[in-house]
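>
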Amino acid sequence: RKRVGVLISGRGSNLQALLDAAGEPDCPFEIVLVLSNKPDVQGLARAAAAGVATAVVPHRDFADRESFERAVTETLETAQVDLVCQAGFMRVVTGWFVARWHNRLLNIHPSLLPAFPGLDTHSRALAAGVKLHGCSVHLVRETVDEGPILGQAAVPVLPDDDAESLAARVLQAEHRLYPTCLKLYAAGRIRLQGETARADSAAEPLQLMIN
Ligand code: GAR
1482 RKRVGVLISG
1492 RGSNLQALLD
1502 AAGEPDCPFE
1512 IVLVLSNKPD
1522 VQGLARAAAA
1532 GVATAVVPHR
1542 DFADRESFER
1552 AVTETLETAQ
1562 VDLVCQAGFM
1572 RVVTGWFVAR
1582 WHNRLLNIHP
1592 SLLPAFPGLD
1602 THSRALAAGV
1612 KLHGCSVHLV
1622 RETVDEGPIL
1632 GQAAVPVLPD
1642 DDAESLAARV
1652 LQAEHRLYPT
1662 CLKLYAAGRI
1672 RLQGETARAD
1682 SAAEPLQLMI
1692 N
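FYI, the numbering for the sequence shown is 1482 to 1692, going by the working numbering.
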């Protein structure tokens, strides 16, 4: 089983979905460490409840991004992590960190990339009038919210949506998509052709349509 470290900054509902999947029989990954850049967040309590080791590395204790990331990396290495999953980790990472974890660092982003990188994706999707919105799991590259897309889930945008109702629908999709993608990636069933990720033909669908 691949050893996974999860990076969080808050609520940790995606972490919970990954913890739940790790508890299923034959799951190809285990979560060995949950690391937060913020103390006292709900995600740390979720990890503790699941019996998973936690660490807090407060980014404000460091002079710059890279020294923060060196401390994060040291903690991940001590836990002998194979793969790192950003799950609501609200820090932009440097080229150093991306290179250090090349093709071993995953992120979930609340939009159908390459649409709506960055923050406030749900209100921007509503303002743009898109009829489908969703989430993406991708390998992290130096440009924020760019990198080989492992899987995407689409949800409808409904006439009465506000940012909150749309975010809640997307979040449900996130909770299905992230474990699906991580299981396949950890099992070596998604391969890179250049910067394009391709799942083997027996893989379960990595396009989820959810309504
Ligand atoms: C999720 O919607 C995730 O996609 C988003 O933050 C939320 C975290 O929720 N991530 C980003 O916006 C990354 N830039 P969670 O803590 O309950 O998983």
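Glycine is no exception: its CB is placed at the ideal position from the N, C-alpha and C atoms.
#1: In three-state terms, what does DSSP make of ALA1634?
#2: Need the endpoints of the alpha helix (DSSP H) that LYS1483 sits in, please.
#3: To the nearest angstrom, how far is the alpha carbon of LEU1525 from that of GLY1599?
#4: Please indicate yes or no: does the CB of VAL1492 lie closer than 7 Å to some heavy atom of the ligand GAR?
#5: Assuming the contact rule is C-beta atoms closer than 8 Å, VAL1636 and ARG1650 should be a hit. Round their C-beta distance to whole Å, please.
#6: How about GLY1632: is its Cβ closer than 7 Å to a heavy atom in the ligand GAR?
#7: So, under 8 Å CB-CB, PHE1570 and ILE1489 are touching, yes? Tell me the CB distance rounded to an integer number of Å.
#8: Per DSSP, SER1517 forms a beta bridge with which residues?
#9: So ALA1684 packs on ARG1670, CB below 8 Å; how close in whole Å?
#10: On the criterion of 16 or more Cβ atoms from any shown chain inside 10 Å, does GLU1550 qualify as buried, or is it exposed?
#11: Suppose the cutoff is 8 Å on Cβ atoms and the five residues either side in sequence are ignored; what does the same chain contact list for TYR1666 look like?
#12: Can you check which of these residues, LYS1519, ALA1531, HIS1614, GLN1567, is closest to PRO1539 by C-alpha distance?
#13: Determine which residues share a DSSP beta bridge with ASN1588 and list them.
#14: Rounding to the nearest angstrom, what Cα-Cα distance links LEU1593 and SER1682 in this structure?
#15: Does LEU1639 pass the burial test, meaning 16 or more other C-beta atoms within 10 Å, or should it be called exposed?
#16: Looking only at C-alpha atoms, which of THR1554, ARG1546, GLU1655 sits nearest to ALA1536?
#17: Would a C-beta distance cut-off of 8 Å place GLY1504 and GLN1523 closer than the cut-off?
#18: Where in the region 1634 to 1675 do unbroken runs of the beta strand (DSSP E), each at least 3 residues long, occur, reported from the N-terminal end onward?
#19: Answer yes or no: the CB of HIS1619 versus the heavy atoms of the ligand GAR, is any distance below 7 Å?
#20: Check for me: the alpha helix (DSSP H) holding THR1624 runs from which residue to which?
So, to answer that:
#1: Strand.
#2: It is not in any alpha helix (DSSP H) - LYS1483 instead sits in the beta strand (DSSP E) that spans 1483 to 1489.
#3: Using only the alpha carbons, I get a separation of about 24 Å.
#4: Residue identity check: residue 1492 is Arg in the sequence provided, not Val. At least one heavy atom of the ligand GAR is nearer than 7 Å to the Cβ of ARG1492, so yes.
#5: Correct: roughly 5 Å between the Cβ atoms.
#6: no
#7: Cβ-Cβ separation between PHE1570 and ILE1489: approximately 6 Å, consistent with a contact (criterion under 8 Å).
#8: ILE1489, VAL1537
#9: 5 Å
#10: buried
#11: LEU1564, LEU1587, LEU1631
#12: Closest by alpha carbon: LYS1519.
#13: GLN1567, HIS1619
#14: 23 Å
#15: exposed
#16: Closest option to ALA1536, judged by alpha-carbon separation, among THR1554, ARG1546, GLU1655: THR1554.
#17: No.
#18: 1671 to 1674
#19: no
#20: Run containing THR1624: none; DSSP gives neither H nor E here.
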